[in-house]
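Going left to right, the sequence shown walks through residues 1315 to 1559 as the numbering used here numbers them.
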Amino acid sequence: IMLNGLQSINWQLLQEIDAPARHNPLLDQVMIFGAQDVIFLLPLLLVLLWVGVVRWTVAARATGGAAASATARIRSLGLQLLLLAVPAVLLAIILTLLAGALVNEPRPFASHPSLKPLIYHAADASFPSDHAAVAAAMVTMLMVYAALLLWQARPRGPQLDADQAASARTLTGLLKLAVAVAVVGVLGVLFLGYARVYVGVHYPGDIAGGIIIGAISGLLVTWIRPLAAPILTEFIATAERLHLA
């Protein structure tokens, strides 16, 4: 009974979101873009933050002293978290496959032939949304780094020496970029999820499940970061030798 109730709510929400579809060609195209293409733009946010971490920390590293030491830690942590987006995405894909096998929910257009999706999609398992899971895994890494920078930037007393002041200035610039990128990422995930319901290939519950799986995947790989640190450090060192970091 409870499952039937959830399915009913899922269908009602989908109908409300899908209602404007096929009535406004421009809006339909925007939503098709969101459903199909936004996921390919989200990795650009990871690249943007990678470049930002390198740019904002190079100057501080050159100053020496405590500022350079603190900035080096911020730099290393940021680059490691961005690299961990790859295993986070892989874990999210694995978990969505397992969840899909357990739940085995048909696509909305398969269960409701009256629904005409705006894009072609195979009639495979609908829950959870792998698009939402992959997107959320990437964005979770952006959010984790922004949160850690916010923690580092918290007030620690009225008096700062020259090194601390230099480090704070560097951190402020990087923090603004990290927060901006994380916010854009979150909006991208929400847009992607809404669009995939709008075009008729997912229920809202599928999107919510995918986002939760993606977030869990990101947090899990963040938790195991210390174990992967030696490999990540070597990868970053190689990137530095190639002038990519």
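Where is the CB? At the ideal position from N, CA and C, for every residue including glycine.
Item, Value
"Could you tell me if R1387 is buried or exposed, where buried requires 16 or more neighbouring beta carbons within 10 angstroms of its beta carbon?", "exposed"
"For P1427 and I1530, what's the separation of their Cα atoms in angstroms?", "34 Å"
"In the DSSP assignment, what residue or residues form a beta bridge with P1427?", "None; P1427 has no bridge partner."
"Give me the Cα-Cα distance between L1393 and V1367, rounded to the nearest whole angstrom.", "7 Å"
"Tell me, which residues are paired with A1439 by DSSP?", "P1420"
"With a 10 Å radius around its C-beta and 16 neighbouring C-beta atoms as the bar for buried, classify S1443 as buried or exposed.", "buried"
"Let me confirm a value: V1361 is counted as buried when at least 16 other C-beta atoms fall within 10 Å, else exposed. Which label applies?", "exposed"
"Roughly how many angstroms separate the alpha carbons of L1398 and A1406, rounded to a whole number?", "12 Å"
"In chain order, which beta strand (DSSP E) runs of at least 3 residues are fully inside the region 1334-1410?", "none"
"I want to know whether the region 1457-1464 touches the region 1494-1502 - three or more CB-CB distances under 8 Å.", "yes"
"Where do the ends of the alpha helix (DSSP H) carrying V1515 lie?", "Premise fails: V1515 is in no alpha helix (DSSP H) and is neither H nor E."
"Rounded to a whole number of angstroms, what is the C-alpha to C-alpha distance between L1546 and H1557?", "16 Å"
"For Q1350, which of Q1466, G1524, D1520 and A1509 has the nearest alpha-carbon?", "A1509"
"Can the beta-carbon of A1446 be found closer than 8 Å to that of G1499?", "no"
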